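Position 255 of the sequence shown, counted from 1, bears residue number 951 in the numbering used here, the numbering being contiguous throughout. Note that CB positions come from ideal geometry on N, CA and C, so glycine has one too. It should be emphasised that the depicted structure is a prediction, and the values quoted were computed from it without experimental measurement. Shown next, in structure tokens, is the structure this report addresses.
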Amino acid sequence: MAAANFNNTSLAFSDRYGTHTVGIYAHGLLAAPWTPLVHPVIKGIRVVSEVQQGRSLSAVVVQNATQAKVIGNEIQGFPLGIGVRIQSCVLGCEVAENYIHDFVDNTTGWAVSSVPQITDIEVDNDIWNNVSSYHVIIRDNTIRNMLVGAAFLAVYGYQTDCINTPRVTTYNTSITGNHLDTCAEGVDNFSIHAVINDNVVMNTYNFGIKNVHGASFVSVNDNTTTNYGFAGIVVADSSAAGDSNVDNIIVSGNNVSFGNYGGNWGGHDNAAILVGMNGTTSIPVNIFVTGNILRPANGEYALNITTNSGVTVSGNLSLSGTKGVSK
């Protein structure tokens, strides 16, 4: 994807899906009668961006489709933007066995309110005909090196997600068997009835796996999370208007180790598992934390459960961090 042709520098919706922004674009009708695209397959393609920062691009976009497959592709070298966007896709859409790597941006010409971000796999940031995706399978992908530079970090924070499901109406997403290495957050989930199991998440600036903004009825089981910054696994409350409670989440059988990765979160009560963050609008309720192995090492706590959280904690092997076992 040559920079001369793929030259979008806007985060506005009107520029998000233009020919100067998207590499591979598969979609059904995006206006009435909204006929979906049936069973598109994007397989075995290598998509490489020319190295030039300060652009916002998407390698693959699939919208309003059924049984879509994005399998076995390589996506490499992008600046700001998204590797794979899935939107309003139903009936077993699958994003699997892709290798997505080495995205970087260090530019500061973006409006803070636009939330400039790098994401590898994103589900339903935008939707069509008010249809949220359901039964999206994200499995066995290798994602690594989603980076921002010091100038970008100072203005916007470390805005990179390996996998992001940013809509609470997205339903029945399965995120399993992925290897996620070097980003701000491995999995950032707002969706409901999701499964986040058997992933390896490592070297995260902020969080390994996060459920927030109304994410509910979610299993976070049997993941290995190591070298996390603020928390290996977090079930977070929020102060955003309109957010519902984060409800009915089980965090079980995970192995979480080595906190305060990079030394950026000392003095912030970082923890292997963190529930709550003193939000006022949405709080965690009916959260079950059981059977995990927690070794914070240079992190501060194994468990940090804030007082307004509804949590059952049992049967964890929790070793002490620099401030103790639990707060």
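Ordered along the chain, which non-local residues of its own chain (more than five positions away) have a Cβ less than 7 Å from that of residue i?
{"i": "Tyr965", "result": "Correcting the residue identity first, residue 965 is Asp in this sequence and not Tyr. For Asp965, where only same-chain residues beyond five positions count, the Cβ hits under 7 Å are Glu996, Tyr997, Asn1000 and Lys1023."}
{"i": "Lys1019", "result": "Glu996 and Tyr997"}
Excluding the 5 residues preceding and the 5 following residue i in the sequence, name in chain order all residues of the same chain whose CB lies nearer than 6 Å to its CB.
{"i": "Thr872", "result": "Arg835, Asn893 and Asp894"}
{"i": "Asp798", "result": "Gln772, Gly773 and Asn841"}
{"i": "Ser1005", "result": "Val971, Gly972 and Pro980"}
{"i": "Ile989", "result": "Asn951 and Leu1013"}
Applying the 10 Å Cβ sphere with the 16-neighbour rule, what's the burial state of residue i?
{"i": "Pro729", "result": "exposed"}
{"i": "Ala764", "result": "buried"}
{"i": "Ala727", "result": "exposed"}
{"i": "Val851", "result": "exposed"}
{"i": "Gln748", "result": "exposed"}
{"i": "Val1007", "result": "buried"}
{"i": "Thr731", "result": "exposed"}
{"i": "Leu1013", "result": "exposed"}
{"i": "Asn703", "result": "exposed"}
{"i": "Phe709", "result": "exposed"}
{"i": "Ala755", "result": "buried"}
{"i": "Asp711", "result": "exposed"}
{"i": "Thr976", "result": "exposed"}
{"i": "Val811", "result": "exposed"}
{"i": "Thr986", "result": "exposed"}
Judging by CA-CA distance, which residue of the options is the nearest neighbour of residue i?
{"i": "Asn923", "options": "Asn951, Lys906 and Tyr957", "result": "Tyr957"}
{"i": "Val993", "options": "Thr1002, Val908 and Ala967", "result": "As written in the sequence, residue 993 is Ala, which differs from the Val given in the question. Among Thr1002, Val908 and Ala967, the Cα nearest to that of Ala993 belongs to Ala967."}
{"i": "Arg751", "options": "Thr1002, Pro775 and Leu843", "result": "Pro775"}
{"i": "Ser706", "options": "Ala807, Val786, Tyr795 and Ala761", "result": "Ala807"}
{"i": "Phe858", "options": "Asn902, Ala890 and His831", "result": "The sequence given here places Cys at residue 858; Phe does not occur at that position. Nearest C-alpha to Cys858: Asn902."}
{"i": "Thr815", "options": "Phe848, Thr1018, Ile945 and Asn860", "result": "Asn860"}
{"i": "Gly788", "options": "Glu746, His735 and Ile839", "result": "His735"}
{"i": "Pro862", "options": "Leu843, Val908, Met898 and Phe848", "result": "Val908"}
{"i": "Thr717", "options": "Gly724, Thr856, Leu725 and Gly779", "result": "Gly779"}
Output needed for residue i: all residues of its chain with C-beta closer than 8 Å, excluding positions within five of it in sequence on either side, in chain order.
{"i": "Gln783", "result": "Val757, Val758, Gln759, Asn760, Val819, Asp820, Asn821, Asp822, Ile823, Trp824 and Ser829"}
State yes or no: is the beta carbon of residue i nearer than 8 Å to at least one beta carbon in chain C?
{"i": "Ile839", "result": "Of the protein chains in the structure, only one exists, and it is not chain C."}
Report the residue ranges of all beta strand (DSSP E) runs contained in full by the stretch 892 to 924; include only those spanning at least 3 residues, in chain order. 896 to 907, 912 to 917 and 920 to 924
Touch check for the stretch 736 to 744 and the stretch 762 to 770: three-plus C-beta pairs under 8 Å? In short, these stretches touch, since the Cβ pair count reaches three.
What ranges does the beta strand (DSSP E) occupy inside the stretch 941 to 978, keeping only unbroken runs of at least 3 residues that lie completely in it? 942 to 948, 951 to 953 and 967 to 971
Is the number of C-beta pairs between the stretch 939 to 953 and the stretch 903 to 923 that are closer than 8 Å three or more? yes
Curious, which full-length alpha helix (DSSP H) runs of at least 4 residues does the stretch 836 to 893 contain? 846 to 852
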